[in-house]
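Q: Counted the way this note's numbering counts, the sequence shown spans residues 1092 to 2216.
Idealized CB from N, CA, C, for every residue including glycine.
The model shown is predicted, which means the values in this text are computed figures rather than measured ones.
Please find one structure pasted underneath; my questions will follow.
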Amino acid sequence: MVDIIDTQARIDALDIQQSILCEAPAGSGKTELLTQRFLKLLALVDQPEKIWAITFTKKAAQEMQDRIIRSLRKASDPEPSAEHEKNNWQLAIAAMANDQQNGWNLIQNPGRLNVRTFDSLCAFLVKNLPLNTSFGAAVQPVENPQPLYQEAVRSLLNAYDQNPEADWGPALERMLAHRDNLWTDFEKLAIEMLRSRDQWLHALPLVFDPANSSDEDLQQLQQMLHAHATDLLAQVFFGLGTHNVSELEPLMQFCICNLQQEQNDSVADVKNTDFSLQPDARNIVFFRLLANSLLTQKGEWKKRLDKRSGFPTGKGINEQNKKMMQSIIAELSDNDQLRMLLKQLQEFPDLATQNQDQDIIRDLMVLLPQLVAHLFLVFRQHNQVDFAEISLKALQALEHDDAPTDLALTLDYQLQHLMVDEFQDTSFSQVRLIDKLTQNWHPNDGKTLFCVGDAMQSIYGFRAAKVGLFMNIRDHGIGNISLKRIRLQSNFRSHQQVVEWVNQTFSQVLPPKDNIQYSAVSYHPSTAVKPALPLPVTVHVAINDHAESSEAAHVVEQIRLIKQQAPSASIAVLAKNRSHLQPTIELLRRQKIPFQAVDIYSLKKLPAINDICLLHEALRYPGNSLAWLSLMHSPLLGLRLDQIASINQLALAEKRTHLSILSGILNQDISAPDITLPDISRIVYFIEEITQAYQYKARYFEQQWLDMIWRRLGGYAIYPDSNSHNAVHSYLQLISQLDQPCSMREVHERLERLFINTTVQESAPVQIMTMHKSKGLEFDHVFLVGLNKLGRNDDPGFLLWEETVQSDNEANLLLAPIESRGGVKTGLYKYLSEFNKIKQKFEQGRLLYVACTRAIQSLHLSFCTTYDAETDTLKPPSANSLAGEIWPEIQNAVQVIPVANLTPAATEMSVSNSITRLKQRVSINSEPHSGVLDPWRLASPPPENLFNHPVLDFNTLERRLGTVIHRFLEKHAAGWNPDNGSVQNWLLNEALRHAIPQVEQQTFISRASRMLTNISADERLQWLLTGDGADYSRSEYQLIFKTGGRVRTLIIDRVVVHDNTTWLVDYKTSCPKAGQTLEEFLDHESQVYQSQMDIYRKALLAKNFPAIKMYLYFPEISHWHQLLS
1092 MVDIIDTQAR IDALDIQQSI LCEAPAGSGK TELLTQRFLK LLALVDQPEK IWAITFTKKA
1152 AQEMQDRIIR SLRKASDPEP SAEHEKNNWQ LAIAAMANDQ QNGWNLIQNP GRLNVRTFDS
1212 LCAFLVKNLP LNTSFGAAVQ PVENPQPLYQ EAVRSLLNAY DQNPEADWGP ALERMLAHRD
1272 NLWTDFEKLA IEMLRSRDQW LHALPLVFDP ANSSDEDLQQ LQQMLHAHAT DLLAQVFFGL
1332 GTHNVSELEP LMQFCICNLQ QEQNDSVADV KNTDFSLQPD ARNIVFFRLL ANSLLTQKGE
1392 WKKRLDKRSG FPTGKGINEQ NKKMMQSIIA ELSDNDQLRM LLKQLQEFPD LATQNQDQDI
1452 IRDLMVLLPQ LVAHLFLVFR QHNQVDFAEI SLKALQALEH DDAPTDLALT LDYQLQHLMV
1512 DEFQDTSFSQ VRLIDKLTQN WHPNDGKTLF CVGDAMQSIY GFRAAKVGLF MNIRDHGIGN
1572 ISLKRIRLQS NFRSHQQVVE WVNQTFSQVL PPKDNIQYSA VSYHPSTAVK PALPLPVTVH
1632 VAINDHAESS EAAHVVEQIR LIKQQAPSAS IAVLAKNRSH LQPTIELLRR QKIPFQAVDI
1692 YSLKKLPAIN DICLLHEALR YPGNSLAWLS LMHSPLLGLR LDQIASINQL ALAEKRTHLS
1752 ILSGILNQDI SAPDITLPDI SRIVYFIEEI TQAYQYKARY FEQQWLDMIW RRLGGYAIYP
1812 DSNSHNAVHS YLQLISQLDQ PCSMREVHER LERLFINTTV QESAPVQIMT MHKSKGLEFD
1872 HVFLVGLNKL GRNDDPGFLL WEETVQSDNE ANLLLAPIES RGGVKTGLYK YLSEFNKIKQ
1932 KFEQGRLLYV ACTRAIQSLH LSFCTTYDAE TDTLKPPSAN SLAGEIWPEI QNAVQVIPVA
1992 NLTPAATEMS VSNSITRLKQ RVSINSEPHS GVLDPWRLAS PPPENLFNHP VLDFNTLERR
2052 LGTVIHRFLE KHAAGWNPDN GSVQNWLLNE ALRHAIPQVE QQTFISRASR MLTNISADER
2112 LQWLLTGDGA DYSRSEYQLI FKTGGRVRTL IIDRVVVHDN TTWLVDYKTS CPKAGQTLEE
2172 FLDHESQVYQ SQMDIYRKAL LAKNFPAIKM YLYFPEISHW HQLLS
C-alpha cells in the first residue's frame, strides 16, 4: 500500500466548520475532494439548495454533478475495499440518510444540486431581479457578440453624423484624429474596449465622473500611479537587501558626481547629496539611475563598468568604488526577479511629465460611456446580451448605492456554503461577486467558503484572470472571511518518472518567490503515488532544412508505434497555438491515423473555402482584379499563370473587366494566342454559368445564389471530401446570418472564428488541442509540439490598463491611452506594455507546466532550431518561446531527429490531398469525335431562338428532379450500380443537397424512385448506358461552336456508336398531364425539342459521326420516342 503524504491535509479539507483555501496542484485529486466536501455538507444541511458550487465551464459543472450523483447511487452498494472509495462511500451513506429523512430524492432530482458556472450564476441573479438590472424581460446571452459590438460602434458614429454638435462630438473628433481619421481602426479598437468592458467599466467611477471630469479626477489617476511607483520601489528595496542599500547609496552619490562631470543629461537636475533609496515615489529618479547603473539598456546585468556608467578607471577611490559596485552586481546577478524589477524601473515614466496624455484620457472618459450606452440600446433592440453584461448586471443586482439589495439579503438566507473551483482563474469582477454573496457572513456563523485551485495552473490572464487575487486571498482572506490554507502534494495522475522530471524542471522555470503584482508564482513540488515506468521524458529537436516537417514526421511515427503496442491508449498532441498543430494534423490525415480536433482547423485553411471566397468576392465585385485573377487560377477554371498574365494585360490595355475579356476571347472580339481549344471548353462553360447566375441573382437570397453557382461550376465535385462540403455549408450559413448587404471584410472577420470539428468513430483517436484547452484533462501519452514558435500579440483597445491587487482585493488602476497611429510607444503606455510582457512570460512558464502535467505514462517534447557550425552546438531557441523557458534544463538531454529515418513522403506537407481538377465535360484530344467544332461553325447554323428558352427556376421541383435523374444516369453509365437501399439513401441526400422543402421531399423521392425502377428495368437503356459492344459511347457529350457572333454550348445526354449507327438520346423527366393522352403528350414534346435534336444531329454529322437515330427517353413512363429529321 502506498503512503499518501498529504493524508492529514485531505482530512482537514473536509472540515465543514471552517472556510478553507486549498492549493491543489495538477493530478492531486481536486475534483474528488470537492465531491467529498459536497457529500459531507449534504449530510448537514436541511435543503440541498443551500450548497452552491461554482466553476468555470459547463463541462466541469456537469462532471461535478455527475460525480456527486454517482457517489449517492453507490451508497446502496457493499462497502468497497479501496481506502479512498471507502471514504466516498461512507460520506454518501450519510448524505443519503439526510436525503431520505427530508424527502429530497436527489438521485431522481439532480437539478436540486446547485452546481453552476460563473456565467449561469450571473444569469440566475439577473433573472431573479429583472427590473433592478434594467432588463424588462428575460434576455438571451449570445456566444458570439461581435456583431452586436460592431453595431454599437456604428450606431455611435451614425449618431455623430446626425448630430455633430453633440457634447461628446469634439471628443470623438479628436480621438479619430489621434488615429489618423481611420474609422475602421477606430471601430476595431472600440470593439476591443466593449469586449473587455467588464474589466474596466467598474473602475471608471473611481477615476472619473464622466459627466463632470475635472483635474481632481486626473489627480486621482496620478495618485494611483504614485502608489504603484511606491510599491515597485519597495519591492526593489527589499530585493536589494538592507546591507546592499547602505553600500549603494554612497556608491551612487559617487556615480552621480562623475556623470555630472561628464555632463551626462540623465543627472543634470540631480543633487547627489539628496540621493536616497528609501521606497518613496519622490525617489523614483534615484532608483532609475540605480537601475541604469546595474543593468544594460537591454535589461541584463552589466559585466563591466566604465566612465559612461559613472565609474571611471583609476586608482584609489575610483578603483575601490568600482570593485565594490562590481561585487554587488555579482552578488545580485542570480536574482532574476530583482533584475526584472530593475528593468521595469528603467521603463518607468517620469511622474512629473505624465500630463501629455491627460487630454486623450479625458476624451476617452467622455466617449466610452457613450459607447457603452449605445451597446445597451443594441442589446435592448435585439433582446440579446453578452456574458459581460450579465456579469455586470449581476453585481448590480447584489449591491446598490453601497448597500446590499433585497436579493442579496434573500440569498444570504438561502446560501450557507459556497464552493469555488479553479479559484486561481478568477477575475476582479468574479471576486467582487463572491465578496457580495458573502458580505454579511461572520466568523462562527456556520457558513463556509471553500476555494480550491492551483496558482501554478493560472493560465488565463488574457481572459482577465488575476492569479494575484488567489495569492492575496490565500494570505489575507476575502471580506469578513479568513481562510485556512491547505496544500496538497500527492500526484495521483502521473507516474513517478514524469513527476520527478516536472519537479526538477519547473523548480528552475518558475520564479523562486511569489510576487502578486507581477503574477509570479513559485513552484511547489509534488510526490508521485504511481511507480516509475521505463518511459523517460524525451526531448527531440529537428534541425534539417525541413525541420518543421521532420518534427511532425517524428511525432506521427511515435504515435504510430504507441498505437501498435497499445491501441486503446489515450494520446494527445498539444501546442500553444492552433497554427502550431497544422503540420502534425496534415501528416496524421495523410497517414490515415484517426484523430479528433475541436476548434483547431480553421475553415480558412481549406482550399474549398479559399475558392468559394474568391468566387463570392469576384461575383460581388466584377472590378476586383485580384479576386478574378485568383479565381481564374483556381480549379473552378484552371488557367495557367502565363494565360492569366496575358488576360490581365488585355484587361489593363482595354480598360475592361477580366470577365469581359474572357467573353471577348470566346466571341473572337479579342485575340489571345495563349488560349487553346481545351481552355475554350472550360471557359465557355464557366462564362455561361456566370452569365446565367447574374440573371438569376434577384430571385435568391445571397447564400442560395452562391450555393447554386458553386454547384454548377463543379465546386462540390472538385472538393468531394466531407470536410470540404461541411465547410462550404458553414460558409453559406455564415452568409445567411449576416445582415445584408454585408462587406467582404465582415465575412472574413467572422470566418476567422469558424473551425472544422473533426469527428471519428474510433474509440481512441489522437486528441489534437491547444494547451489551454487541455487543462483539466489527462492522457496516457502526451506530445508537446512546436515549442520553438512564438505566440501572437493581442490587439489593444483605446486604453491600456493594469489592475494591481491591493490587500483589500480591490484594484489600483493604471491607465494609459494608445499612442497615435504610427507613433512610438512612450511613457506610461510603454511601461505598461513591458509590465504585461513580464506577466505574460511568467504565465507562459505556467502554461508549459499545465501541458506537461497532462501526461500519465509518457511525455514527449519537440521543437525546431538550427545548428551553429561555428560553436558546434545547437542554437538556443528564442527566450520568449516555450522551449526557451526550459532550455537551460533540457539542453544537455535533447536528441536530434535523424534525417535518415525520414522518407521523402514523410516530410512532404500538403494543404489537402482531396483537390480534384474540374472534370472536363469534353475530352479535347485528337480522337475523331472531339466535341469542339473547328472553326467553331456549323455548316447550317441553328435558329437563334433555339437559345432563347425562358429562364427556368432552379428551385422548382421539376428542375431539381431532372437534375438528379440526369446525374444518376451519368453515374450509372460510369459504372455505378447501387442496391435499392443505397439508392434510397442517395435520393434522400440529394433531396437535402438540393434544399427540397420537407413538404415536397416525399413526392420527390417517390417520383425519382419510380423513374429509377423503370431505368433499371429498361433493357435498351441498360445496353446504351453500359455501351457493351459499342464503338464509341459518351455521356454528357458537349458541343461548342460559334453562331450569331457568340460562342454556344450544347450538351447531349448520351451518344453511342454501334454497327455504323449513332444513337443520340436525350432524357426527359416530363410525363403526360392529367387528361392528356400519350399521343398528345408525345406530339407536344416533339414540337418542343425537334429543333434542338436537329442541331444535335447536324453537329454530330459535322464531326463525322455515322448515320444518326434520335430518341427522347421518358423514364417516368418508361417510353422511347424516335424523332425523324
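Quick check on Tyr2107: does DSSP put it in helix, strand or coil?
A: What you label residue 2107 is simply residue 1016 of the sequence shown in a count that begins at 1. This sequence places Ser at residue 2107; Tyr is not what is there. Correct three-state label for Ser2107: helix.
Q: The beta strand (DSSP E) with Thr1501 in it runs from where to where?
A: Residue mapping note: residue 1501 aligns to position 410 of the sequence shown, counting from 1. In the DSSP assignment, Thr1501 falls outside any beta strand (DSSP E) and lies within the alpha helix (DSSP H) extending over 1497 to 1505.
Q: Whose C-beta lies closer than 7 Å to the C-beta of Ile2056 among residues of the same chain, with five residues either side of it excluded?
A: As a working mapping, residue 2056 is identified with position 965 in the sequence shown. These residues qualify, in order along the chain: Ala2099, Met2102, Tyr2158, Thr2160, Pro2206.
Q: List, from N- to C-terminal side, the beta strand (DSSP E) runs of 3 residues or more that fit wholly inside the segment 2137 to 2206.
A: 2137 to 2149, 2152 to 2158, 2198 to 2205
Q: Could you pull out every unbroken beta strand (DSSP E) segment of at least 3 residues lying fully inside the segment 1668 to 1717, listed in chain order?
A: 1686 to 1688
Q: Asn1374: buried (16+ other C-beta within 10 angstroms of its C-beta) or exposed?
A: Here the question's residue 1374 lines up with position 283 in the sequence shown. Answer is buried; the Cβ neighbour count reaches 16.
Q: Tell me whether Glu2035 sits in a helix, a strand or coil according to DSSP, three-state version.
A: By 1-based counting over the sequence shown, the position of residue 2035 is 944. Reliability of the predicted coordinates at Glu2035 is poor, the pLDDT of 42 falling under 50, and no value is obtained from them.
Q: Counting along the chain, where does the beta strand (DSSP E) carrying Ile1735 start and finish?
A: For the purposes of this step, residue 1735 is taken as residue 644 along the sequence shown, with counting starting at 1. Segment 1732 to 1745 is the alpha helix (DSSP H) holding Ile1735; no beta strand (DSSP E) there.
Q: Check whether the segment 1147 to 1154 and the segment 1110 to 1118 touch, using three or more Cβ-Cβ pairs below 8 Å as the test.
A: no
Q: Kindly confirm or deny that the segment 1838 to 1848 and the segment 1646 to 1664 touch, where touching means at least three C-beta pairs closer than 8 Å.
A: no
Q: Helix or strand or just coil, what does DSSP make of Tyr1822?
A: Within the sequence shown, numbered from 1, the residue matching residue 1822 stands at position 731. Correct three-state label for Tyr1822: helix.
Q: On the CB-based measure, 16 or more other CB atoms within 10 Å of its CB, does Gln1507 come out buried or exposed?
A: What you label residue 1507 is simply residue 416 of the sequence shown in a count that begins at 1. Buried, since its Cβ has 16 or more Cβ neighbours within 10 Å.
Q: Assuming Pro1370 and Leu1429 make a contact with CB atoms under 8 Å, what is their CB distance in whole Å?
A: Against the sequence shown, residue 1370 aligns to sequence position 279. Against the sequence shown, residue 1429 aligns to sequence position 338. Between Pro1370 and Leu1429, the beta carbon gap of about 14 Å keeps them out of contact (Cβ cut-off 8 Å).
Q: According to the Cβ coordinates, are Val1590 and Ala1556 closer than 7 Å?
A: Locating residue 1590 in the sequence shown gives position 499, counting from the first residue. Locating residue 1556 in the sequence shown gives position 465, counting from the first residue. No, the pair does not count as a contact, with Cβ atoms beyond the cut-off.
Q: Whose CA, out of Asn1383, Asp1190, Ala1643, Asp1526, lies closest to the CA of Gln1682?
A: Position 591 of the sequence shown, counting from 1, holds the residue named residue 1682. Distances from the CA of Gln1682 to each of Asn1383, Asp1190, Ala1643, Asp1526 were compared; the closest alpha carbon is that of Ala1643.
Q: Taking all protein chains shown into account, decide if Thr1956 is buried (16 or more other Cβ within 10 angstroms of its Cβ) or exposed.
A: Within the sequence shown, residue 1956 is the residue found at index 865, counting from 1. A residue is called buried once 16 or more other Cβ atoms fall within 10 Å of its Cβ, and Thr1956 is buried on that count.
Q: Flag this pair as touching only if the segment 1927 to 1941 and the segment 1592 to 1609 have three or more C-beta atom pairs under 8 Å; answer yes or no.
A: yes
Q: Helix or strand or just coil, what does DSSP make of Tyr2123?
A: Against the sequence shown, residue 2123 aligns to sequence position 1032. The DSSP-derived three-state label of Tyr2123 is strand.
Q: How is Ala1243 classed by DSSP in three states: helix, strand or coil?
A: Here residue 1243 is taken as the residue at index 152 of the sequence shown, counted from 1. Helix, per DSSP.
Q: State the start and end residues of the unbroken alpha helix (DSSP H) segment that holds Ala1619.
A: As a position in the sequence shown, residue 1619 is number 528, starting the count at 1. The continuous stretches of alpha helix (DSSP H) do not include Ala1619, which lies in the beta strand (DSSP E) extending over residues 1618 to 1621.
Q: Any idea if His1637 is buried or exposed, counting beta-carbon neighbours within 10 angstroms, 16 or more meaning buried?
A: Here residue 1637 is taken as the residue at index 546 of the sequence shown, counted from 1. Buried is the call here.
Q: Just to confirm the assignment, what range does the beta strand (DSSP E) spanning Trp1592 have?
A: As a working mapping, residue 1592 is identified with position 501 in the sequence shown. Residue range 1587 to 1600 is occupied by the alpha helix (DSSP H) that includes Trp1592, with no beta strand (DSSP E) assigned at that position.
Q: Report the start-end ranges of each alpha helix (DSSP H) in the segment 1340 to 1420 that is 4 residues or longer and not cut off at the edges.
A: 1375 to 1385
Q: Using CA coordinates, which residue listed in Thr1404, Lys1746, Glu1869, Val1244 is at the minimum distance from Gln1948?
A: As a position in the sequence shown, residue 1948 is number 857, starting the count at 1. Taking only the C-alpha atoms, the option nearest Gln1948 is Glu1869.
Q: Quick check on this structure: which residue in Phe1378, Ser1911, Leu1919 has the alpha carbon closest to the alpha carbon of Trp1892?
A: By one-based count along the sequence shown, residue 1892 stands at place 801. Minimum Cα distance to Trp1892 is reached at Leu1919.
Q: What are the residues that DSSP puts in a beta bridge with Asn1571?
A: Within the sequence shown, numbered from 1, the residue matching residue 1571 stands at position 480. In DSSP, Asn1571 forms no bridge with anything.
Q: Look up Val1476 in the DSSP assignment and give the residues it is bridged to.
A: Numbered from its first residue, the sequence shown carries residue 1476 at position 385. According to DSSP, Val1476 bridges with Pro1232.
Q: Within the same chain, show all residues whose beta-carbon is closer than 6 Å to that of Leu1216, passing over the 5 residues directly before and after it, in chain order.
A: Your numbering for residue 1216 matches position 125 in the sequence shown. Ala1485, Ala1488, listed in sequence order.
Q: Between which two residues does the alpha helix (DSSP H) carrying Asp1103 extend?
A: Working through the sequence shown from its first residue, we reach residue 1103 at position 12. Unbroken alpha helix (DSSP H) run through Asp1103: 1098 to 1104.
Q: Taking the alpha carbon of Arg1265 as the reference point, which residue from Cys1346, Ile1451, Phe1329, Glu2176 has its own alpha carbon closest?
A: As a working mapping, residue 1265 is identified with position 174 in the sequence shown. Considering only alpha carbons, the answer is Ile1451.
Q: Using a Cβ-Cβ cutoff of less than 6 Å, which residues in the same chain neighbour Leu1182 once the five nearest sequence positions on both sides are dropped?
A: Sequence index remark: in the sequence shown, residue 1182 carries index 91 (1-based). Hits under 6 Å: Gln1127, Leu1130, Lys1131.
Q: Would you mind reading off the limits of the beta strand (DSSP E) that contains Lys1114?
A: For the purposes of this step, residue 1114 is identified with residue 23 of the sequence shown, where counting begins at 1. Looking at the sequence shown, residue 1114 is not Lys but Glu. Counting along the chain, the beta strand (DSSP E) containing Glu1114 begins and ends at 1111 to 1114.
Q: For Gln1411, count neighbouring Cβ atoms within 10 angstroms of its own Cβ and tell me buried if that reaches 16, exposed if not.
A: Indexing the sequence shown from 1 puts residue 1411 at position 320. Answer is exposed; the Cβ neighbour count stays below 16.
Q: Closer than 7 Å by C-beta to Val1558: which residues in its own chain qualify, once you throw out the five before and the five after it? Chain order, please.
A: Along the sequence shown, one-based indexing puts residue 1558 at 467. Here the set comprises Gln1515, Ala1546, Ser1549, Ser1610, Val1612.
Q: Using only alpha-carbon positions, find the residue among Asp2109, Asn2080, Ala2108, Gln1354 that is nearest to Phe2095.
A: Walking along the sequence shown from the start, residue 2095 turns up at place 1004. Taking only the C-alpha atoms, the option nearest Phe2095 is Asn2080.
Q: Could you check what DSSP says for Trp2211 in three-state terms: helix, strand or coil?
A: Residue numbering aside, residue 2211 sits at position 1120 when the sequence shown is read from its first letter. If DSSP states are grouped into helix, strand and coil, Trp2211 belongs with the strands.
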